[in-house]
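Protein chains in written order, with the UniProt record's numbering: chain D, 1 to 808; chain X, 1 to 344. Don't be surprised by glycine CBs; every beta carbon is placed ideally from N, CA and C. As structure tokens, the structure follows; a few thoughts come after it.
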Ligand SMILES: [Zn+2]
């Protein structure tokens, strides 16, 4: 909402405050100020002149040669505007004048004719083109005939106005009018304001004799009033009225339309005028539209309505969509002489529905949607009548034809001074409260510090004690509230075990060289369903789709983080970033039912993707690309960090390299996977050789043992033995490890591979695996014989189970 | 014998001086001080001497042995020093060459900001609560005083999945859920960080996914001045002790009164500049006293209990703190962006 200070000034005394100060006060007490526009860059030295004569320029078809009387002198000015005529009162920029954009007017010669200034258009004076009346868009502006020659055109056109732009929150719809803003300003500054009652002459004939009103649905339309106005002369509005509209970013059209728009701004009440003759009926019936009913609206479009759209009809045909837009058929035109002026109250939800369905949100519909002062509806109609009498020469028929079901009762709210103080932390006395209520102009009764407040209907947002609490607090001033701390300040807060562990996991991964990313949970359908971790594949029922996505790129809830992480790789690779190591802790969404009607299960995963060089030492020519075992090391370290034990199984998974993928198993159940992205996908997605991991973090945190019991530091020495085994090249080290641990129990403490060899000195199809074995007993020193026995048993088992022989 | 010993001493010391290596020195030691060495021999022949002479010669022999030994030791340490010096000289390297790069990662800037805020509120006794990102219409709207058809639902354009399921538009449903769990009895003191979603087109200032941190305190006798105190403590720790705060009226359906909190602009000190759009103040968060409908819907007696809530956007805070101009930076994960803030 744009507030003209020249207008506000006429309603409330704002003297003593600069525009900035006023904006600051309004912001602090009630309504956010979005912007302050001071008249900067004002045109100077622009006066009203009278065009005495206007002739064709002898040397240029499109130019006119004008003699302009400016009061003190007559100037010859060359003008290019198509609408320039003798006898017009116009804005003249004399030599020396400066127009917006620092454009200085000079005496000059145009095609051989002297030109002593410029006749200005509104745009040249700094008015936005969309606010300029249509008649003056392509030419100069023409003042009304009665304008005095020599007057300051800038002042006449209200160009010296300051504008405050308010960002009105949904609860303060009362401030969507000058009257509302005036009440608000008066309360903030502790000054006076009251909305004046309109007055005009009425004819003997009654409105009711011309047209009757019938409401079919009281709930959708609690009030409908119709004024009948005769002898209307449709013409241009007076200059002051045009100025007011232009200051509020509204284009002047003609006096009838302008007056309804003006009352909308002044009272916040939308009005609509029908051409009586074209309305062509003596009754107005408001009702819900019939399914499929059609209406041609003012914008020339045919609209098809449904049964939840409210229409204004002449008993047969819809002539307006209630609160949304009038019909083209009964539009006011130049020849209109009799008007029906509608002042109505429509249910906000009904207007909202209509405006939404037809994408017709307007200054009017917005006000209906947000609520109106029930006591100002009829009064706004009267105000329009007053103005039409004055500026359209109209005669107003007696009374108003109406049907009225509005509840105009004032809300009563009880509040105790003590309770106000308890809630705010203040120490007000009842006198302070009374002072604030006086400024707000709220009625009240008070007995022993208990207030019964009567809330005026213009403040229809106030319904409960807490609303009053806000009124009192904001006028009292939030900056006057003390700073205190809650009584519960001594309570300890903290992270839960799970939250702490998640932070630990992040710290670990970062220490391991990975950087955190945050990617989108919403992705395209294909990505959403790619690379789903094996343990989720059984239960997942496809990615959940949004009902109305903004784009297909973000239309489905992901089932895996990896596709987005890989997209991040691709993004960075395309920007010459070569070595990438990313992780993300984020959620995937598993639908619990096929139709996706239930809230999905959300699982936090820890996923990572690495490509490029892992170890580099530039001037020593050391360079090692990431491989499977780099990622495995990271996953193993994570298990250690969480105190859980992983085992690994060869895995096959869509999108992954079939020979370089492992399932990660914990407590006998799969908890994720790791490995290389399938080369085919790497190629398709423009990736380098990329390794990924994806683990079910929620599950790991469940498995994580809360009570870590202390393990005694061994007091007796361990015995170390190395063995090198020759096995078939398909034999997996992990399987041999399992056999060693089983066969060597309980003395074997640890097995570690320390060498893998294939090549010279070995048969084709064979490889050598060397293990370091550690034997230990926590209670005593082991004897050689015992170790030999265990070692023997191990060799026997690996030989029989894996066809392994000792390497000579 | 005395002469023989003196002769031996001179001879040995001369050899020590001539010894150029530690090995040569070792030979001298063996030659003169060893069990088969000349001094031992002299001592062995002492039997031939008179009673009076014996101690004199014995003492002399020991003195000679001692002198030779000292000379050898001194020479040894000298040779060792020389050898070490030589070694150090050989081992010296170009210390200006770059080191072997260590692969280091780091947190996302938003995580850093969120954890900083979490820790700050933990210090004030708040717990951290989390909740689902796919929410029900009830918890996202209705339990927060936003019934179906409420005009304020327009303020947050929502990604619906079904009529009842949606992507949460704020983290406030976590508050409603937490209050609901407490059965209307215990106090609540929590913050809830997390991802939220709005039906926006991504541009420099909008992102369809972003993060939020909301806070809630419900207890008996919670005052609006407590909210002011907590927010001031937060603002001072987060932005600096010299920053001022101000509250101004605003509107949120779940709080009444509702306020917005601004902090004084650091760039201009409150005089007005381009960062604060000339106002001297920068909007940081929304807050208010919990609406009685919200308390009642979660089972709290709004006559007995009161509370405050607040909500802020880590992206906005990060952008303000680091002068970042485009919200999309947080989600494109350009390595050149991420790595700038690894120690933020
Ligand atoms: Zn500033």
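query, result
"Residue 396(D) and residue 284(D) closer than 8 Å at C-beta", "no"
"Closest Cα partner of residue 220(D) within the set 286(D), 255(D), 246(D)", "286(D)"
"Cβ-Cβ separation, residue 727(D) to residue 766(D) (assumed contact under 8 Å), whole Å", "7 Å"
"Candidates 729(D), 731(D), 722(D), 785(D): closest to residue 808(D) by CA position", "722(D)"
"Among 282(X), 107(X), 48(X), 172(X), nearest to residue 582(D) - alpha-carbon criterion", "107(X)"
"Closer than 8 Å to chain D by CB, residue 237(X)", "no"
"For residue 712(D) and residue 189(X), the rounded distance between their alpha carbons", "41 Å"
"For residue 281(X), the residue or residues it bridges with in DSSP", "264(X)"
"Of the residues 21(D), 46(D), 27(D), 54(D), the one placed nearest residue 38(D), counting alpha carbons only", "21(D)"
"Chain D contact for residue 250(X) (CB, 8 Å cutoff)", "yes"
"Contact test: residue 319(X) Cβ vs ligand 1 heavy atom, cutoff 7 Å", "no"
"Which residues DSSP lists as bridging residue 249(X), in chain order", "259(X)"
"Three or more C-beta pairs below 8 Å linking the stretch 269-280 of chain D and the stretch 325-341 of chain D", "yes"
"Cβ contact check for the stretch 243-252 of chain D and the stretch 368-377 of chain D: 3 or more pairs under 8 Å", "no"
"Unbroken beta strand (DSSP E) run spanning residue 287(D), endpoints", "283-288"
"Euclidean distance between Cα positions of residue 477(D) and residue 433(D)", "12 Å"
"Reference residue 266(D), options 247(D), 342(D), 255(D), 180(D), closest by Cα", "180(D)"
"Residues within the stretch 103-116 of chain X neighbouring chain D, beta-carbon criterion of under 8 Å", "103, 104, 105, 106, 107, 108, 110, 111, 115"
"Chain X contacts made by the stretch 26-51 of chain D, where a contact means CB separation under 9 Å", "27, 28, 29, 30, 31, 32, 33, 35, 36"
"Whole-angstrom C-beta distance between residue 111(D) and residue 188(D), which should lie under 8 Å", "Wrong, their Cβ atoms sit about 58 Å apart, outside the cutoff."
"Neighbour flag for residue 333(X) against chain D, beta carbons, 8 Å", "yes"
"Any alpha helix (DSSP H) of 4 or more consecutive residues that is wholly inside the stretch 120-172 of chain X", "137-140"
"Residue burial classification, residue 548(D) (beta-carbon count within 10 angstroms, cutoff 16)", "exposed"
"Any C-beta of chain D under 8 Å from that of residue 243(X)", "no"
"Length of the line joining the Cα atoms of residue 444(D) and residue 182(D)", "21 Å"
"Coil, strand or helix - residue 94(X) by DSSP", "coil"
"Short CB-CB distance (under 8 Å) between residue 160(X) and chain D", "yes"
"Beta-carbon neighbours of residue 416(D), restricted to chain X and to distances below 9 Å", "The premise fails here: residue 416(D) is roughly 12 Å from chain X at the closest Cβ pair, so nothing lies under 9 Å."
"Span of the alpha helix (DSSP H), counted from its first residue to its last, around residue 443(D)", "Unbroken run through residue 443(D) is the beta strand (DSSP E), 443-447; no alpha helix (DSSP H)."
"Validate contact between the stretch 131-140 of chain X and the stretch 499-509 of chain D using beta carbons, cut 8 Å, 3 pairs", "no"
"Residue 313(X) - DSSP class collapsed to helix/strand/coil", "coil"
"DSSP bridge partner residues for residue 143(D) (one or two, in chain order)", "89(D)"
"Contacts that residue 297(X) makes with chain D (C-beta to C-beta distance below 9 Å)", "Correct list: empty, because the minimum Cβ distance to chain D is about 14 Å."
"Meets three-Cβ-pair contact criterion under 8 Å: the stretch 251-258 of chain X and the stretch 233-242 of chain X", "no"
"Check: residue 276(X) C-beta below 7 Å from any heavy atom of ligand 1", "yes"
"Assumed close pair residue 330(D), residue 264(D) - CB separation to whole angstroms, cut-off 8 Å", "Going by Cβ atoms, the distance from residue 330(D) to residue 264(D) rounds to 19 Å, so no, they are not a contact pair."
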